[in-house]
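Participant: The opening residue of the sequence shown carries number 24 in my numbering; numbering runs sequentially from there. One structure coming up, written as structure tokens, with questions to follow.
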Amino acid sequence: MTEKSWDEQRFADIEYNLQAIREEIARAAEASGRTAADIDFMAVTKTVDERFINHAIDCGVTLIGENRVQELLRKKPNLHLAGVRKNLIGHLQTNKVAQIVGEVDMIESVDSLKVAREIGKQSVKKGLVTDVLVEVNIGLEESKTGFVPEAAPDAVAEMAEIQGIRICGLMSVPPICEDRAKLCKYFENMYNMYVDIGAKKIDNVSMNVLSMGMSGDFAEAIRAGSNHVRVGSRIFGPRVY
Numbered sequence: 024m025t026e027k028s029w030d031e032q033r034f035a036d037i038e039y040n041l042q043a044i045r046e047e048i049a050r051a052a053e054a055s056g057r058t059a060a061d062i063d064f065m066a067v068t069k070t071v072d073e074r075f076i077n078h079a080i081d082c083g084v085t086l087i088g089e090n091r092v093q094e095l096l097r098k099k100p101n102l103h104l105a106g107v108r109k110n111l112i113g114h115l116q117t118n119k120v121a122q123i124v125g126e127v128d129m130i131e132s133v134d135s136l137k138v139a140r141e142i143g144k145q146s147v148k149k150g151l152v153t154d155v156l157v158e159v160n161i162g163l164e165e166s167k168t169g170f171v172p173e174a175a176p177d178a179v180a181e182m183a184e185i186q187g188i189r190i191c192g193l194m195s196v197p198p199i200c201e202d203r204a205k206l207c208k209y210f211e212n213m214y215n216m217y218v219d220i221g222a223k224k225i226d227n228v229s230m231n232v233l234s235m236g237m238s239g240d241f242a243e244a245i246r247a248g249s250n251h252v253r254v255g256s257r258i259f260g261p262r263v264y
């Protein structure tokens, strides 16, 4: 197969995958008493070449997410970004904050007060307010970053005092579970936390976004209350590292 025909096949696969995902989102949203319009659908573009990202955008994707600061900054000039939001979803080191503030619409992976303070500092320097999500390590996994559930509400309240950031909600990546009931319990716990924090009416905390659900579990996440799902391999195929 030539490179051109391989690209054409992958373009067709992306179109097919996007349609299937949108239909599944619609079904899951309906099951939770909402519509597909209530769900923010992100295409995760980690390791994906710009030509395939652009094809997804041309097929109607309006939100993309990148894991790494340098990869996002490298790709950005080559993307069809008119009307497209760009979020950072991967772990952010404090020494990379200055590079990314002002380059994305939201930082979804704020996993410590130290990172939050640096985002605020750099945002103030640039005359900006940066939208952020607070990352929660809902499964207490040592391999993952984020606030433990018990600490998250107090962390949100403390973070809300930081000038230069605006807290828009929560983000989480639950453990991989073959037991779907156990997986759904993690999602339900996140949703309950999201509702409880929102009910506190903390200044500078809107709790409009609950980001949970990825390629293998976004339907379960939506049924549990997620309104923001992050889908990568289901769109673009397995990642090439």
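The beta-carbon is built from N, C-alpha and C at its ideal position, and this holds for glycine as well.
So, for R45: in the same chain, excluding its five sequence neighbours on each side, which residues have a beta-carbon less than 8 Å away from its beta-carbon?
Facilitator: A59, F64
Participant: Thinking just about the alpha-carbon of each residue, which of E181, V159, K137 is nearest to the one in V171?
Facilitator: V159
Participant: Identify which residue in E165, G106, A175, G125 has its Cα closest to the Cα of V157.
Facilitator: A175
Participant: Does the ligand MN have even one heavy atom less than 7 Å from the beta-carbon of D219?
Facilitator: Because no ligand of any kind appears in the structure shown, any question about the ligand MN cannot be addressed here.
Participant: Applying the 10 Å Cβ sphere with the 16-neighbour rule, what's the burial state of R253?
Facilitator: buried
Participant: Going by beta-carbon coordinates alone, are V152 and I188 separated by less than 8 Å?
Facilitator: yes
Participant: Do H78 and F34 have their beta-carbon atoms positioned less than 8 Å apart in this structure?
Facilitator: yes
Participant: Grab the span of the alpha helix (DSSP H) containing H78 for me, first residue to last.
Facilitator: In this chain, the alpha helix (DSSP H) harbouring H78 covers 73-81.
Participant: On the DSSP bridge list, what partners appear for V196?
Facilitator: Answer is none; V196 lacks a bridge partner.
Participant: Excluding the 5 residues preceding and the 5 following E184 in the sequence, name in chain order all residues of the same chain whose CB lies nearer than 8 Å to its CB.
Facilitator: N227
Participant: Rounded to a whole number of angstroms, what is the C-alpha to C-alpha distance between V196 and S28?
Facilitator: Roughly 36 Å separates the two Cα atoms.
Participant: Using a Cβ-Cβ cut-off of 7 Å (strictly less than) and excluding sequence neighbours within five positions of K167, which residues of its own chain qualify?
Facilitator: N160, V196
Participant: Rank A121, K119, M129, A49 by C-alpha distance to the C-alpha of I87 and give the top, closest one.
Facilitator: M129
Participant: Excluding sequence positions up to five away, which residues of its chain have a Cβ less than 8 Å from the Cβ of I48?
Facilitator: Exclusion of the five residues before and after I48 leaves A59, I62, F64, F241, A242, I245, V252 as the residues of its chain whose Cβ lies within less than 8 Å of its Cβ.
Participant: Classify R108 as helix, strand or coil using the three-state DSSP reduction.
Facilitator: strand
Participant: Could you name the residues that DSSP lists as bridge partners for A66?
Facilitator: I87, V254
Participant: Can you check DSSP and say which residues form a bridge with E158?
Facilitator: M194
Participant: Whole-angstrom Cβ separation of E165 and L136, contact assumed at under 8 Å?
Facilitator: Their Cβ separation, rounded to whole angstroms, is 20 Å, which puts E165 and L136 out of contact at 8 Å.
Participant: Apart from the five residues just before and just after F259, which ones in its own chain have a Cβ nearer than 7 Å to its Cβ?
Facilitator: I37, V71, F75
Participant: Looking at M216 and M235, is the spacing between their C-beta atoms short of 8 Å?
Facilitator: For M235 and M216, no; Cβs fall outside 8 Å.
Participant: Between the alpha carbons of V120 and G239, how many angstroms are there, rounded?
Facilitator: 30 Å
Participant: In the DSSP assignment, find the beta strand (DSSP E) that holds L130 and state where it starts and stops.
Facilitator: The residue asked about is misnamed: residue 130 is Ile in this sequence, not Leu. I130 -> beta strand (DSSP E) spans 129-133.
Participant: Select from T68, R50, Q32 the residue whose C-alpha is nearest the C-alpha of R257.
Facilitator: T68
Participant: Does the distance from the CB of K98 to the CB of E73 come in under 8 Å?
Facilitator: In this structure, K98 places its C-beta atom within 8 Å of the C-beta atom of E73.
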